[in-house]
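Working notes, structure below.
In this note's numbering, the protein residues as written are 2 to 578.
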């Protein structure tokens, strides 16, 4: 049946008795409905931040909302020509990260997010913070760097999965045997230049592409969600020994630490809490043998961070500290040995070591409940040594609901963790949500990581909005950018994804997340009581946390002024202009 002519719509509606939106009782319904929406928003974790926006910041937030809306109508449609259209992939805002990344980086929102002062980075793993292209170039330029493999890399299957690593030696390199042939002896050292030149598929260029594919989760692997988390975790974990072996040689490592700090600062990150598994051995300049322990590694890290802070290019960098981590799959003896090392390093580097954590796939590792005896032993030994090493536990990085992995959240909170890494499954636990809020525990959320490691299909199905709506304090983190595909842009990809994916967030919500990162950073040692009080006091406190918060707020206001100046009312919002 044909629809009624447009000109007759009003008379037809009146004849049918359909009320108008302007009718008083419909307006009353709308007012009640809007009041309900506003009532819920009062529970959000970013409410106070929004209520205290300056007029300049409020205008900047409105401009960003407008740009976001315009780009959703233009950049994120099939009418925008690019390779995705030719592949018949549906294009929409908030689509899967590996598909969206190139288009994301062409947007005005990207230029804005790149300029945003993001505060601090509270959850990242040292080995996966490498600018891989730069590190490979350094390996070629550094005398004595070699490659070794567990088995001959002579077949497509071996190239795909056989373990290999980089190392240093001036005396043991063998160039008369190819690592790509069946005649290669397991563990033999081949100079990186020789290995690259003789790579069977494309020489040096092909060799570099192969290294890159073995040190990152490819777009194809990211998109294969039907394989489940365990399969992608196997690839994920295999990247760390390779990356660690590439950078844990003093000449490269020192440059890497400086470069990491510079790239973070360029992305608006002024401080970083790093984690390292302390699994890959370290080697000092020119030494043929690996170090016994990690004193030199930590000494060189502390030295390079301080040098960067003292330099002209690093004068705005606040610094970085290390959360010591143990692989959660280790048996009791190896866990205890790692804990002993942690205490020794805290005594040696009191300003560098900030806390303790356990890392690795939660689904396949030991639960915190199972590790309770070792954790209580660790507390006792810390007390005996006169050191306080707080917990910053990974927990809830799982799809489980009520299993031992999901219940790591209970143990993390009861054991006094100051922050929770990921907390992906926390939204399923209303009691724990209330406890996290009461105890001032921050969630270190890593949206891109959770997607690439197959906990959610895209940013649109990530549970973080549920936590924000319930008033849980959260910061955004990049976790493992080398492996996960973000590259060298610090935290901009995670910030952009959150802004694009969640209607309730906006620039004000992003600002609140950045402020949280400063409020919950472990700038210096403090007792549990001092920690909570400092967080509550915020800018009204008297210590370093209050000072850093004031510095961040100043940078936020300048950033908002730049948005208004750059993208104000006269700006053409066409993304192709």
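Each residue gets a CB set at the ideal place from its N, CA and C atoms; glycine is no exception.
Nothing here was measured: the structure is a model prediction, and the numbers come from that model.
Residues that DSSP places opposite residue 360 in a beta bridge: Per DSSP, 328.
Beta-bridge pairing of residue 121 - partner residues as DSSP gives them: BP columns for residue 121 point to 272.
Three-state class that DSSP yields for residue 323 in the structure shown: Correct three-state label for residue 323: strand.
Nearest-angstrom Cα separation, counted from residue 11 out to residue 18: In this structure, the alpha-carbon of residue 18 lies about 11 Å from that of residue 11.
First through last residue of the alpha helix (DSSP H) which encompasses residue 226: Per DSSP, residue 226 belongs to no alpha helix (DSSP H) and is neither H nor E.
The region 351-359 / the region 286-297 touching (three or more Cβ pairs under 8 Å): These segments do not touch.
Contact under 7 Å by Cβ, residue 533 with residue 441: It is a contact, given that the beta carbons lie within the stated cut-off.
Expected contact under 8 Å - CB spacing of residue 428 and residue 467 to nearest Å: About 4 Å; that satisfies the 8 Å criterion.
Same chain, Cβ closer than 8 Å to residue 175, five either side skipped, listed in chain order: Same-chain partners within the cutoff: 189, 190 and 191.
Length of the line joining the Cα atoms of residue 486 and residue 453: Between residue 486 and residue 453, the C-alpha separation is close to 9 Å.
Residue 72 to residue 406 span [Cα, whole Å]: Here the C-alpha atom of residue 72 lies approximately 40 Å from the C-alpha atom of residue 406.
Per-residue DSSP class, three states only, for residue 445: Secondary structure of residue 445 (DSSP, three-state): strand.
4-residue-minimum alpha helix (DSSP H) runs that sit fully inside the region 19-44, ordered along the chain: Listed in chain order, the complete alpha helix (DSSP H) runs (minimum 4 residues) inside the region 19-44 are 25-42.
Pick from 78, 390 and 353 that is closest to residue 305, judged by C-alpha positions: Ranking 78, 390 and 353 by Cα distance to residue 305 puts 353 first.
Per-residue burial, residue 78 [other beta carbons within 10 Å of its own, 16 or more giving buried]: Label assigned to residue 78: exposed.
Touch test, the region 228-238 against the region 199-207, Cβ-Cβ under 8 Å, three pairs minimum: Cβ pair count under 8 Å is below three, so no.
Proximal residues to residue 86 (C-beta, below 6 Å), its chain only, five neighbours per side dropped: Note that residue 86 has pLDDT 48, beneath the 50 cutoff, so the model's placement of it is unreliable and the number below is only indicative. Correct list, in chain order: 79.
Residue(s) in a DSSP beta bridge with residue 477: For residue 477, the beta-bridge partners assigned by DSSP are 446.
is_contact[residue 218, chain B] using C-beta, thresh 7 Å: The structure shown has no chain B; it contains just one protein chain.
Distance between residue 531 and residue 68 (C-alpha atoms, nearest Å): Cα-Cα distance, rounded: 42 Å.
Coarse secondary structure for residue 126, derived from DSSP in three states: DSSP places residue 126 in strand when its eight states are reduced to three.
Contact set for residue 350: own chain, Cβ-Cβ below 7 Å, skip 5 residues either direction: Closer than 7 Å at Cβ, skipping near neighbours: 299 and 303.
Alpha carbon of residue 31 to alpha carbon of residue 44, nearest angstrom: Each residue's CA atom was taken as its position, placing residue 31 and residue 44 some 21 Å apart.
Residue 308 versus 553, 335, 255 and 342, residue with shortest Cα-Cα distance: Answer by Cα proximity: 255.
Straight-line Cα distance separating residue 115 from residue 479: Each residue's alpha carbon lies about 14 Å from the other.
Complete runs of the alpha helix (DSSP H) confined to the region 125-203 [at least 4 residues]: With a minimum length of 4 residues, the continuous alpha helix (DSSP H) runs that stay inside the region 125-203 are 133-142, 157-162 and 193-198.
Cα-Cα separation, residue 159 to residue 148: Approximately 15 Å, taken between the alpha carbons.
Buried versus exposed call for residue 482 [16 or more other C-beta atoms within 10 Å across all chains shown]: Counting the other Cβ atoms within 10 Å of the Cβ of residue 482 gives 16 or more, which makes it buried.
Nearest-angstrom Cβ-Cβ length linking residue 282 and residue 143, presumed shorter than 8 Å: Residue 143 and residue 282 do not touch by the CB rule: their CB atoms are close to 17 Å apart, not below 8 Å.
Proximity of residue 399 and residue 445 at Cβ, strictly below 7 Å: No, the Cβ-Cβ distance between residue 399 and residue 445 is not below 7 Å.
Residue 385 burial status per 10 Å Cβ neighbour count (16 or more: buried): Under the 10 Å beta carbon count, residue 385 is surrounded by fewer than 16 other beta carbons and is classified as exposed.
Cβ pair count under 8 Å reaching 3, the region 257-267 against the region 176-187: In short, these stretches do not touch, since the Cβ pair count stays below three.
For residue 423: DSSP bridge partner residues: Residue 423 is bridged by DSSP to 396.
Residue closest to residue 50, alpha-carbon to alpha-carbon, out of 559, 539, 318 and 94: Residue 539 is the option with its Cα nearest to residue 50.
Length of the line joining the Cα atoms of residue 447 and residue 184: Spanning the alpha carbons of residue 447 and residue 184 requires a straight line of approximately 44 Å.
Nearest candidate by alpha-carbon position, reference residue 145, set 127, 169 and 489: Nearest of 127, 169 and 489 to residue 145, Cα basis: 169.
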